[in-house]
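In our numbering, the protein residues as written are 164 to 310. Beta carbons: idealized from backbone N, C-alpha and C, even for Gly. Structure first, then comments.
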Amino acid sequence: MEEGGCSPTRTVNERLFEFLVAERDALMNGIREELGVTSSKEINVRNLSKRNVAKEKLCSWLERMSSILNSNAVPLLQITVPKADKCELLEQGKIKDQLTIIQLQDEVLKKKDEEVEVMKQAMKQTVEKEITSYASAVTKCHSVSAS
């Protein structure tokens, strides 16, 4: 751990995000407790407008939530959204590059298949030529010895 309790592997954005979540959780827990509800989904107009919730308390919650949003959430989004957009563009480029590589590999395999076929034909022609040449030589040899 570094001085101040910060882990060197956690970025400023990660620490800001963790702080933001902790602040939100603390506020939401306080509101749920004050309203006597167990779920954040129960924090609604009906429960917030009960007479036992003081106007000062509502104003305090609103002020704290506004601070969390304006001082933390919005700046974090301003930092992360452009980076997320760049990541998405890089990912799309990577996918496009991988498709190009696959297409090129396919073309290389087709060319190699064509080369193998050409070599087979050339070998076949050479073998046929040599067999014909050998057969001709054998025929000449037999006709010379028969005479």
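Helix, strand or coil at residue i according to DSSP, with G and I counted as helix
i, result
"ASN210", "helix"
"SER202", "coil"
"SER216", "One point to set straight first is that residue 216 is Val, not Ser, in the sequence displayed. Of the three classes helix, strand and coil, the one that applies to VAL216 here is coil, per DSSP."
"ARG187", "helix"
"ARG173", "coil"
Burial state of residue i (16 or more Cβ within 10 Å)
i, result
"ILE265", "exposed"
"ALA300", "exposed"
Distance CB(residue i)-CB(residue j) smaller than 9 Å
i, j, result
"PRO238", "LEU190", "no"
"ARG214", "ILE206", "no"
"LEU211", "LEU198", "yes"
Residues near residue i by beta carbon distance below 6 Å, same chain, minus five either side
i, result
"GLU186", "ILE231"
Distance, residue j Cα to residue i Cα
i, j, result
"ASN235", "ILE242", "11 Å"
"SER296", "LYS274", "33 Å"
"THR174", "ASP260", "30 Å"
"GLN288", "HIS305", "26 Å"
"ASN192", "PRO245", "32 Å"
"MET286", "GLN268", "27 Å"
"ALA247", "GLN255", "12 Å"
"VAL290", "LEU262", "42 Å"
"LEU272", "LYS249", "34 Å"
"LYS218", "VAL200", "19 Å"
"ILE258", "LEU240", "26 Å"
"VAL208", "THR172", "42 Å"
"SER229", "VAL216", "19 Å"
Nonlocal neighbours in the same chain, by C-beta distance under 8 Å from residue i, ignoring five residues either side
i, result
"GLU277", "none"
Close beta carbons around residue i, own chain, < 7 Å, minus the five adjacent residues each side
i, result
"LYS283", "none"
"TRP224", "LEU190, ILE194"
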